[in-house]
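Below: one structure, written as structure tokens.
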Ligand SMILES: NC(=O)c1ccc[n+]([C@@H]2O[C@H](COP(=O)([O-])OP(=O)(O)OC[C@H]3O[C@@H](n4cnc5c(N)ncnc54)[C@H](O)[C@@H]3O)[C@@H](O)[C@H]2O)c1
């Protein structure tokens with residue numbers, strides 16, 4: 011259980027943001043000051059008047075014990091609740107504390123319009139507040155997780171907190187949580203792990219589930235034969251309609267285990283623990299499952315969202331350099347789609363990325379979640395996630411899969427961005443910025459000379475998602491924004507590449 015405690019000075023918005031956060035995460039909201047008032051049967055101002063501030067502090071300790079013994083919640087704390095070391099220890103051992111910080115003018119403006127009585131700020135607000143902030147400056151500075159609230163809406167702030175913590179609840183297609191956390195926190199009765207031989211070697215012992223099925227690794231095994239092996243293994247292991255399948259692996263394991271779960275006994279629950287960067291920021295989120303036919307990739311599939319996605323970035327330490335770089339192509343894509351700051355971080359190169367994988371995972375998954383919650387069944391904006399993929403898929407195919415998916419998408423993004431600039435959709439220079447970032451990550455950006463252009467164009471036309479007359483591209487307008495554009499003249503898309 012991991013509560014989220016919001017802490018900070020009066021006026022920083024703990025209750026407003028807390029309620030919204032609770033709503034977004036489908037958790038109860040608790041205001042610790044209100045718990046004190048309910049327990050005392052009077053307002054905090056009255057307690058101070060009658061018994062002094064020390065009584066409030068004593069009652070605060072009691073209330074925090076009560077709150078932390080109860081179920082997982084979002085908790086707005088009183089502005090000085092953690093000055094007491096005992097309270098701080100208690101709270102920090104029951105969840106994460108987010109400190110909300112604000113400039114003095116922001117706090118004054120908010121408190122002037124606030125009807126609540128605040129005994130510690132009685133008198134001249136500006137003077138009192140300055141003194142109050144000064145006396146607590148060191149205390150507030152000692153909390154590692156901080157969010158500045160000035161000039162931001164509660165919606166923006168709750169989004170920032172969710173990204174910072176890696177905590178999301180999805181509801182557009184099924185209800186499920188996406189958490190960044192530790193694999194050791196997962197234990198599940200009546201379940202079976204599906205993993206592949208590489209992942210099993212490194213990580214199977216970390217998961218607290220007894221039964222497991224190990225399948226061969228690689229896209230060439232993402233086929234009906236493996237799916238039917240999984241169905242049979244589910245039967246042999248006595249899985250029933252109440253069982254849960256735990257997919258531990260990259261996108262291949264997730265797609266296969268998710269599909270097998272979606273069809274076994276007309277659909278049983280599954281949980282996904284992604285182990286590649288691509289799976290953490292993309293494949294595991296969104297409910298698409300499936301397998302390949304000899305005629306093409308992902309031709310058979312279902313929408314069957316998992317019950318939980320648990321991403322543990324420490325599992326990426328054993329991933330090959332090439333797979334990590336390939337995953338970064340999707341991260342860059344998510345930056346281009348709607349997080350320019352994430353795009354900027356990617357320009358720091360692979361050394362920085364390896365030291366900051368948790369931040370990369372949290373930010374990139376937040377982009378995908380925002381999009382699929384808006385458009386779960388790809389009727390509109392979800393198509394933005396295809397940025398770089400129309401050319402990328404074709405390049406991957408024509409290379410005979412010698413180029414990985416991520417490498418092909420990197421090339422696709424640069425080709426499509428250059429086209430976007432040529433047709434006036436994109437801001438001049440955005441293609442160069444994209445190419446430069448991908449190069450810093452060691453990803454290819456040009457179609458290899460030996461790949462015939464006509465074959466790439468043919469492959470784009472037969473891609474299953476496209477209709478014959480025109481092809482819909484997700485093109486970057488600038489870093490942070492994409493637009494869906496139909497193109498008929500595919501030769502001109504590849505024009506600079508000849
Ligand atoms: N369902 C979706 O929405 C969706 C979205 C994007 C991609 N996909 C699918 O995802 C697949 C690609 O996923 P992928 O790139 O994760 O490939 P993958 O699952 O094949 O994993 C790549 C390689 O890394 C190994 N591996 C995985 N985790 C490891 C770890 N922590 N340490 C060491 N080795 C590890 C695997 O055994 C494999 O050899 C494709 O089949 C694609 O179609 C699905």
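Numbering (the numbering used here), first residue to last: 11 to 508. Cβ atoms here follow ideal geometry from the backbone N, Cα and C, with glycine treated the same way. It should be emphasised that the depicted structure is a prediction, and the values quoted were computed from it without experimental measurement.
Note down, in chain order, each residue of its chain lying with its Cβ closer than 7 Å to the Cβ of residue 88, except the 5 sequence neighbours on either side. Cβ neighbours of residue 88 beyond the five flanking positions: 42, 43, 70.
Roughly how many angstroms separate the alpha carbons of residue 492 and residue 394, rounded to a whole number? Here the alpha carbon of residue 492 sits roughly 7 Å from the alpha carbon of residue 394.
Pick helix, strand or coil for residue 353, following the three-state DSSP scheme. Residue 353: helix per DSSP, three-state reduction.
Output the distance between the C-alpha atoms of residue 86 and residue 172, rounded to the nearest integer angstrom. Put simply, the backbone Cα of residue 86 is about 15 Å away from that of residue 172.
Does the structure place the region 313 to 333 close enough to the region 421 to 428 that three or more beta carbon pairs sit under 8 Å? Three or more Cβ pairs closer than 8 Å define a contact, and the region 421 to 428 falls short of that threshold against the region 313 to 333.
Pick from 345, 317, 269 that is closest to residue 309, judged by C-alpha positions: Taking the Cα of residue 309 as reference, the smallest distance to any Cα among 345, 317, 269 is reached at 269.
Span separating the alpha-carbon of residue 23 from that of residue 105: Their backbone Cα atoms lie some 19 Å apart in a straight line.
Closer than 7 Å by C-beta to residue 251: which residues in its own chain qualify, once you throw out the five before and the five after it? Chain order, please. Cβ neighbours of residue 251 beyond the five flanking positions: 275, 278.
Nearer than 8 Å: is that true of the beta carbon of residue 174 relative to any heavy atom of ligand 1? For residue 174, the distance from the CB to the nearest heavy atom of ligand 1 is not below 8 Å.
When you compare the CB positions of residue 326 and residue 290, do they come within less than 9 Å of one another, or not? Yes, they are a contact pair.
Three-state secondary structure (DSSP) of residue 179: Reduced to three states, the DSSP call for residue 179 is strand.
Would you say residue 402 touches ligand 1, meaning its beta carbon is less than 8 Å from a heavy atom? Ligand 1 has no heavy atom closer than 8 Å to the beta-carbon of residue 402.
Any chance the CB of residue 34 is under 8 Å from a heavy atom of ligand 1? Residue side-chain check: residue 34 keeps its Cβ at 8 Å or more from all non-hydrogen atoms of ligand 1.
Counting Cβ pairs, one atom from each stretch, are 3 or more of them under 8 Å apart for the region 284 to 299 and the region 218 to 230? No contact exists between the region 284 to 299 and the region 218 to 230.
Determine, using beta carbons only, whether residue 21 and residue 139 come nearer to each other than 9 Å. It is a contact, given that the beta carbons lie within the stated cut-off.
Please report the residue range of the alpha helix (DSSP H) in which residue 244 lies. That run of the alpha helix (DSSP H) goes 234 to 246.
What separation, rounded to the nearest whole angstrom, lies between the Cα atoms of residue 474 and residue 280? Unreliable placement is indicated for residue 474, whose pLDDT of 48 sits below 50; the coordinate value is still reported in the next sentence. Taking the straight line from one Cα to the other gives about 27 Å.
Can you tell me where the alpha helix (DSSP H) with residue 142 in it begins and where it stops? From DSSP, the alpha helix (DSSP H) with residue 142 extends over 135 to 151.
Is it a yes or a no for the region 186 to 205 touching the region 385 to 405, going by three-plus beta-carbon pairs under 8 Å? Under the Cβ criterion (8 Å, minimum of three pairs), the region 186 to 205 does not count as touching the region 385 to 405.
Excluding sequence positions up to five away, which residues of its chain have a Cβ less than 7 Å from the Cβ of residue 25? Closer than 7 Å at the Cβ level, and outside the excluded window around residue 25, lie 41, 86.
What residue range does the alpha helix (DSSP H) around residue 91 cover? Careful: residue 91 lies outside any alpha helix (DSSP H) and carries neither H nor E.
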